[in-house]
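Chemist: Under the working numbering, the final residue of the sequence shown carries the number 338; numbering is consecutive throughout. Ideal placement from N, C-alpha and C gives every residue a C-beta, glycine not left out. Okay, here's the structure, questions in a sec.
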Amino acid sequence: MPNLKTLSGRRLVAVVAATPKRIRIFAEVGLAMAGIIWGVNFTLVKTAMGQMPPVYYLGLRFSVAALVMMPFCMGRLRRLDHRGWLLGMALGVLLFGGFVLQTVALKTVSPGISGFLTSVYVVLVPLMIGVIRRRWPSLLVWVGIAVVMGGMAALSLYGRMAFGLGETLTLLGSLFWASHIVVVGYACTRHDVTALVLVQLATCAALCLITGFAWERPEPFPGWEAMGVVIWTGIMGGVVAYWLMAFGQKHTPDTLATVFMSLEAVFALISGIILGYDVLTLRNSVGFALVFAGTILARLGSHKTSEPIPEVSPPGP
Numbered sequence: 022m023p024n025l026k027t028l029s030g031r032r033l034v035a036v037v038a039a040t041p042k043r044i045r046i047f048a049e050v051g052l053a054m055a056g057i058i059w060g061v062n063f064t065l066v067k068t069a070m071g072q073m074p075p076v077y078y079l080g081l082r083f084s085v086a087a088l089v090m091m092p093f094c095m096g097r098l099r100r101l102d103h104r105g106w107l108l109g110m111a112l113g114v115l116l117f118g119g120f121v122l123q124t125v126a127l128k129t130v131s132p133g134i135s136g137f138l139t140s141v142y143v144v145l146v147p148l149m150i151g152v153i154r155r156r157w158p159s160l161l162v163w164v165g166i167a168v169v170m171g172g173m174a175a176l177s178l179y180g181r182m183a184f185g186l187g188e189t190l191t192l193l194g195s196l197f198w199a200s201h202i203v204v205v206g207y208a209c210t211r212h213d214v215t216a217l218v219l220v221q222l223a224t225c226a227a228l229c230l231i232t233g234f235a236w237e238r239p240e241p242f243p244g245w246e247a248m249g250v251v252i253w254t255g256i257m258g259g260v261v262a263y264w265l266m267a268f269g270q271k272h273t274p275d276t277l278a279t280v281f282m283s284l285e286a287v288f289a290l291i292s293g294i295i296l297g298y299d300v301l302t303l304r305n306s307v308g309f310a311l312v313f314a315g316t317i318l319a320r321l322g323s324h325k326t327s328e329p330i331p332e333v334s335p336p337g338p
C-alpha cells in the first residue's frame, strides 16, 4: 500500500508541474492576441493618418494608454526600484525609435516593403539572443522562422525592392523592434509587468509629443473621428496589447514570442480584406498558410530549444 504522504506529495508535484504549462499556453495565446490587435489596428490608423501627423498621433495614442493605466498602477510604481524605472524608460526609447524610423521611412518605401523589412526582427531576435546569452534555438525553430519569413514575403513583397535611405531606415527600425523584444524578455522576469508597461508607454508618449510638436507642428485637436481612433488604439493597441506582450514574454522563450507576434502582419491584411482595403488572392492565401505553418513548426521546436523559459513567479499584488 503506497504511503499517503508520498502519494499526496506526488500529486502536489504534478499540480505544480502542470501550472507553468497552463500559464505558458495562456501566455502564448496572449502574444498571438497582441499581434492580432496590432494587425487590426493598422486599418483604423489609416483613418487617423488622413487627419493628423503620424508622430503626433503616436504621442496622443500612448498618452491615452498611460493615462488609462495610471490610476491602477500608483502602488506598483512606488514599489518599482531604480533599475526597473531605467529598464521601463529604455523600453519606451526603443519603442519610440522603432515607430519614428518606420514612419519616416514610409515616405519613400511602400507599405508592403516596409512590412516585410520590419518583419526581419523575427530573425534578428534569435540572433541577438544567441550572441548575448550563447543559447541558440533548435533547428526546427529556425525552419519555422524561415517558413514565416517566406510567408511574410508572399504577403508583403510586390514590385522591385531597391535599397535606399528608406529601406535602410526601416531595417534600422527593425533593429529597434528586436532590441525592444529582447529587453522586454529580460525586464519582465525581474520587475512588475504592469509597472514596466506604464513607464514604457509614458516615456514613448512624452518623446512622441515633443517630437511631434517640434517637427510636425500639428493642430492640437484633430477632430472627433481621429480622436475615436486614438482612444481605441491607445487602449487596445497600448494598454491591452503591450501588457499581453510583457506577460507573454515572461512565460515564453523570446524567439517563440517573436514568431507569435509576427501574426500582426497576417491579421493586418485579413482586416484589410474584411474592410475592403485589400483583396483575397492566391498569393496572400499561400502567405497566410506559410506564416501559420511556420508558427506551428516554431512552437513544436521550442520544446527542444536550448533557450531557457523564464521561471514562473507569483504575479504582483
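Which first and last residues belong to the alpha helix (DSSP H) in which Q221 is found?
Modeler: For the purposes of this step, residue 221 is taken as the residue at position 200 of the sequence shown. Start and end: V214 to W236.
Chemist: Let me make sure I understand the geometry here. Which of S200, G109 and L161 has the alpha-carbon closest to that of L148?
Modeler: Taking the first residue of the sequence shown as 1, we reach residue 148 at position 127. Comparing alpha-carbon positions, the option among S200, G109 and L161 lying closest to L148 turns out to be S200.
Chemist: Restricting to Cα atoms, I'd like to know which of F63, E49 and L79 is closest to L290.
Modeler: Within the sequence shown, residue 290 is the residue found at index 269, counting from 1. Comparing Cα-Cα distances from L290 to each of F63, E49 and L79, the minimum goes to F63.
Chemist: Tell whether a beta-carbon distance below 8 Å holds between F83 and A226.
Modeler: Here residue 83 is taken as the residue at index 62 of the sequence shown, counted from 1. Here residue 226 is taken as the residue at index 205 of the sequence shown, counted from 1. Contact: yes.
Chemist: Tell whether a beta-carbon distance below 8 Å holds between V85 and G255.
Modeler: Sequence index remark: in the sequence shown, residue 85 carries index 64 (1-based). Sequence index remark: in the sequence shown, residue 255 carries index 234 (1-based). Their beta carbons are under 8 Å apart, which means V85 touches G255 by this criterion.
Chemist: Note down the Cα distance separating A216 from G233, rounded to an integer number of angstroms.
Modeler: Indexing the sequence shown from 1 puts residue 216 at position 195. Indexing the sequence shown from 1 puts residue 233 at position 212. Near 26 Å, if we compare the C-alpha coordinates of G233 and A216.
Chemist: Mapping the DSSP letters down to three states, classify D275 as helix, strand or coil.
Modeler: Position 254 of the sequence shown, counted from the start, is the residue given in the question as residue 275. Helix, per DSSP.
Chemist: Note down, in chain order, each residue of its chain lying with its Cβ closer than 6 Å to the Cβ of P193, except the 5 sequence neighbours on either side.
Modeler: As a position in the sequence shown, residue 193 is number 172, starting the count at 1. Per the sequence shown, residue 193 should be read as Leu rather than Pro. Once the five neighbours on either side are set aside, the close Cβ partners of L193 are L122.
Chemist: Buried or exposed: which applies to P331, given that a residue is buried once 16 or more other Cβ atoms fall within 10 Å of its Cβ?
Modeler: Numbered from 1 along the sequence shown, position 310 holds the residue referred to as residue 331. Bear in mind that a pLDDT of 38 at P331, under 50, signals an unreliable position, so the number given afterwards is only what the model happens to contain. Answer is buried; the Cβ neighbour count reaches 16.
Chemist: Can you list, in chain order, the residues of its chain with a C-beta nearer than 6 Å to that of G113? Leave out the 5 residues immediately preceding and following it.
Modeler: Reading the sequence shown from its first residue, position 92 is the one you call residue 113. Answer for G113: Q221, T224 and C225, listed in chain order.
Chemist: Is the closest heavy atom of the ligand ADP to the C-beta of G233 under 7 Å?
Modeler: For the structure depicted, the ligand ADP is absent and the ligand set is empty, with no information on it obtainable.
Chemist: Starting from the N-terminal side, write out each stretch of the alpha helix (DSSP H) that is 4 residues or longer and does not extend beyond the region 99 to 135.
Modeler: Listed in chain order, the alpha helix (DSSP H) elements of length 4 or more contained wholly in the region 99 to 135 are 103 to 126.
Chemist: Are the region 204 to 218 and the region 53 to 60 touching by the rule of at least three beta carbon pairs closer than 8 Å?
Modeler: No, because fewer than three Cβ pairs between the region 204 to 218 and the region 53 to 60 fall closer than 8 Å, the two stretches do not touch.
Chemist: Does the beta-carbon of K339 have 16 or more other beta-carbons within 10 angstroms, so that it is buried, or is it exposed?
Modeler: The first residue shown for the chain is 22 and the last is 338, placing residue 339 beyond what the model contains.
Chemist: With DSSP run on the structure shown, which of helix, strand or coil describes M170?
Modeler: As a working note, residue 170 is residue 149 in the sequence shown. Shown here, M170 sits in a helix according to DSSP, grouped into three states.
Chemist: Which residue's Cα is closest to the Cα of I294: G259, V61 and R45?
Modeler: As a first step, residue 294 is located in the sequence shown; it is residue number 273 there, counting from the start. Ranking G259, V61 and R45 by Cα distance to I294 puts V61 first.
Chemist: Along the alpha helix (DSSP H) that carries M149, what are the first and last residues, could you check?
Modeler: Residue mapping note: residue 149 aligns to position 128 of the sequence shown, counting from 1. Y142 to R154 is the span of the alpha helix (DSSP H), which, as asked, contains M149.
Chemist: Among residues of its own chain, excluding the 5 on either side of V66, which ones have a beta-carbon nearer than 6 Å to its beta-carbon?
Modeler: Counted from its first residue, the sequence shown places residue 66 at position 45. Answer for V66: no residue qualifies.
Chemist: Could you give the distance in angstroms between the alpha-carbon of V34 and the alpha-carbon of A278?
Modeler: On the sequence shown, position 13 is the one that residue 34 refers to. On the sequence shown, position 257 is the one that residue 278 refers to. Because the pLDDT at V34 is just 37, under 50, the model does not fix this residue reliably, and the point stays unresolved.
Chemist: Tell me the residue span of the alpha helix (DSSP H) that contains M248.
Modeler: Position 227 of the sequence shown, counting from 1, holds the residue named residue 248. Unbroken alpha helix (DSSP H) run through M248: W245 to W253.
Chemist: Please determine, among A69, G109, R155 and P41, the residue with the shortest C-alpha to C-alpha distance to V250.
Modeler: Walking along the sequence shown from the start, residue 250 turns up at place 229. V250 has its Cα closest to that of A69, out of A69, G109, R155 and P41.
Chemist: How big is the Cα-Cα spacing for T316 and G80?
Modeler: Indexing the sequence shown from 1 puts residue 316 at position 295. Indexing the sequence shown from 1 puts residue 80 at position 59. Going by the C-alpha atoms only, they are around 32 Å apart.
Chemist: So, is T302 buried or exposed, given that buried needs 16 or more other C-beta atoms within 10 angstroms?
Modeler: As a working note, residue 302 is residue 281 in the sequence shown. The residue in question, T302, is exposed, as its Cβ has fewer than 16 Cβ neighbours within 10 Å.
Chemist: Between the C-alpha atoms of G269 and Q72, what's the straight-line distance to the nearest angstrom?
Modeler: Here the question's residue 269 lines up with position 248 in the sequence shown. Here the question's residue 72 lines up with position 51 in the sequence shown. If you take the alpha carbons of G269 and Q72, they lie about 34 Å apart.
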